[in-house]
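Structure, as structure tokens:
Protein chains: 2
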Amino acid sequence: MIFAMFQLIGGVILSFGWIPQILQIIRTKSVKDLNKKTFWLLFIGIGLMEVYAVSLAMEGVGYAFLITNSMSLVLIMFILFLIFLYRNRD
Amino acid sequence: MIFAMFQLIGGVILSFGWIPQILQIIRTKSVKDLNKKTFWLLFIGIGLMEVYAVSLAMEGVGYAFLITNSMSLVLIMFILFLIFLYRNRD
Numbered sequence: 025m026i027f028a029m030f031q032l033i034g035g036v037i038l039s040f041g042w043i044p045q046i047l048q049i050i051r052t053k054s055v056k057d058l059n060k061k062t063f064w065l066l067f068i069g070i071g072l073m074e075v076y077a078v079s080l081a082m083e084g085v086g087y088a089f090l091i092t093n094s095m096s097l098v099l100i101m102f103i104l105f106l107i108f109l110y111r112n113r114d
Numbered sequence: 025m026i027f028a029m030f031q032l033i034g035g036v037i038l039s040f041g042w043i044p045q046i047l048q049i050i051r052t053k054s055v056k057d058l059n060k061k062t063f064w065l066l067f068i069g070i071g072l073m074e075v076y077a078v079s080l081a082m083e084g085v086g087y088a089f090l091i092t093n094s095m096s097l098v099l100i101m102f103i104l105f106l107i108f109l110y111r112n113r114d
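This is the structure:
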């Protein structure tokens with residue numbers, strides 16, 4: 025049980041971890057050093073994980089994983105949007 | 025079983041997803057737009073997940089999760105190293 029807490033806390037930190045990067049992009053409007061391919065791959069990877077998370081939730085388990093993974097998915101999508109928004113400014 | 029494949033493939037894509045970002049940093053030696061706090065939080069989050077992954081592996085399950093999570097951990101550590109290496113060049 026205690027180890028499952030590690031996954032939950034790790035997942036929450038992973039999701040919120042993107043917020044400083046998002047705030048920096050909004051402040052500087054500069055995305056030159058962010059690699060578009062990487063963020064597309066992160067989006068696809070987390071998206072596939074989301075399918076797994078939903079399948080777990082439909083079996084009545086893994087709700088925490090679904091929540092933290094969904095948060096990461098939304099934040100990565102937002103970063104991809106910002107990359108496109110500010111890409112031509114560099 | 026099919027959904028567990030989604031997690032495995034998603035995990036592999038997530039791990040390898042960092043490689044284009046690493047190659048870009050090495051090529052441009054520019055990390056100005058990468059947020060140090062975010063990468064520290066990703067490192068801590070994945071590190072906590074690693075504790076969970078090791079605990080699963082010690083129970084004889086979740087080897088794929090341990091492999092993909094360990095790869096992500098190593099790649100994030102390398103990005104943190106590169107951020108420190110090139111931070112003063114900006």
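In order, the protein sequences belong to chains A and B.
Residues 25 to 114, numbered by my numbering, are exactly what the first sequence covers, in order.
Residues 25 to 114, numbered by my numbering, are exactly what the second sequence covers, in order.
Glycine included, every Cβ here is placed at the ideal spot set by N, Cα and C.
Distance CB(residue i)-CB(residue j) smaller than 8 Å
i	j	result
B:Thr62	A:Gly86	no
A:Phe89	B:Tyr76	no
B:Leu106	B:Ile68	no
B:Gly34	A:Met95	no
B:Leu38	A:Ile91	no
A:Arg111	A:Val36	no
A:Ile46	A:Phe108	no
B:Asn93	A:Pro44	no
A:Ile100	A:Leu65	no
DSSP-derived helix/strand/coil call for residue i
i	result
B:Glu74	helix
A:Leu58	coil
B:Gly35	helix
A:Asn112	coil
B:Val98	helix
B:Met29	helix
Closer than 8 Å to chain A by CB, residue i
i	result
B:Phe40	yes
B:Gly34	yes
B:Asn112	no
Within-8 Å CB hit, residue i to chain B
i	result
A:Leu104	no
A:Ala81	no
Residues from the stretch 43-56 of chain A in contact with chain B, defined by Cβ distance under 9 Å:
Ile43, Pro44, Gln45, Ile46, Leu47, Gln48, Ile49, Thr52, Ser54, Val55 and Lys56
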